[in-house]
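Chains as they are written, first to last, in my numbering: chain A, 1435 to 1544; chain B, 28 to 141. Cβ atoms here follow ideal geometry from the backbone N, Cα and C, with glycine treated the same way. Notes follow once the structure below has been shown.
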Amino acid sequence: RKEVEQDPGPFNVPEGATVAFNCTYSNSASQSFFWYRQDCRKEPKLLMSVYSSGNEDGRFTAQLNRASQYISLLIRDSKLSDSATYLCVGPRGGYNKLIFGAGTRLAVHP
Amino acid sequence: NAGVTQTPKFQVLKTGQSMTLQCAQDMNHNSMYWYRQDPGMGLRLIYYSASEGTTDKGEVPNGYNVSRLNKREFSLRLESAAPSQTSVYFCASSEAQEGWQPQHFGDGTRLSIL
């Protein structure tokens, strides 16, 4: 099992839809996760941190399920501007290092 | 508020040439990182520096060297460029010395090796 694994998508959804992505992880001791957003040919940008059971920021909700070893990202009321690749990120081995998933691509259409 | 600054933004090299990618951060972060990103793949860690004066290999260090010049600057050097090193290179920094904190990225260097 990969350390961090995501469905590559693409997820094609209409504006206003609710969409959810899952990310599975292999290290059961992991406690810190992040969701990043990456636009085409741009740098990854931090979207949300998930340190405990979950986090909510406006239309975005991230949840951590330790029993099943996955984290999820829920986007409500999708906007055209949400179209991007979403990267699931978890701890790698020793301190300071993170491992990035390959990303899930979201395309929101009118 | 510059954050993480990378230079150059684009570069084309011939096989065998050498070059240094520069990275500087103004957030007083302890840790700095170099990644490469290839199409369809996640970010892969090349080297990192947990603090000034220390550097360690990541998962794909072959063909690269790094220097943590001071707390602000972390450079990546390709001694003899190969076509397999064609990629987008991202530098990142993090406040963390222990534990796991989010990393903040520069806008990348797009490198092509002919």
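Residue i and residue j: beta carbons closer than 8 Å?
i	j	result
Q1472(A)	C1457(A)	no
G69(B)	A1496(A)	no
S1460(A)	E1437(A)	yes
S1384(A)	Y1485(A)	Residue coverage of chain A in this structure runs from 1435 to 1544, which leaves residue 1384(A) outside it and unanswerable.
R1539(A)	G1443(A)	yes
D83(B)	Y75(B)	yes
Since I believe residue j is in contact with residue i (beta carbons under 8 Å), could you give me their beta-carbon distance rounded to a whole number of angstroms?
i	j	result
A1541(A)	S1506(A)	Contact flag wrong, Cβ pair sits at about 19 Å.
G80(B)	R95(B)	7 Å
G43(B)	S139(B)	So it is not a contact: roughly 14 Å between Cβ atoms.
Q64(B)	T136(B)	About 11 Å separates the two Cβ atoms, so there is no contact after all.
L130(B)	L1532(A)	A small correction: the amino acid at residue 130(B) is Gln; Leu does not occupy that position in the sequence shown. Sure, about 6 Å apart at Cβ, within 8 Å.
P1525(A)	W127(B)	5 Å
What's the C-alpha gap between residue i and residue j?
i	j	result
W61(B)	S1464(A)	23 Å
A77(B)	E100(B)	13 Å
I73(B)	S121(B)	16 Å
S19(B)	C50(B)	Here chain B covers residues 28 to 141 and nothing more, so residue 19(B) does not appear.
Q1503(A)	L141(B)	43 Å
By alpha-carbon positions, which one of the options ends up nearest to residue i?
i	options	result
C118(B)	E100(B), V39(B), F132(B) and A109(B)	F132(B)
D1491(A)	K1476(A), R1475(A), W1469(A) and R1500(A)	W1469(A)
S1487(A)	N1499(A), R1493(A), K1479(A) and E1477(A)	N1499(A)
M59(B)	G67(B), Y91(B), K98(B) and L40(B)	K98(B)
I1509(A)	N1489(A), T1452(A) and F1445(A)	T1452(A)
At least 3 beta-carbon pairs within less than 8 Å: the segment 99 to 114 of chain B vs the segment 38 to 53 of chain B: With a cut-off of 8 Å, the segment 38 to 53 of chain B and the segment 99 to 114 of chain B count as touching, because enough Cβ pairs lie within range.
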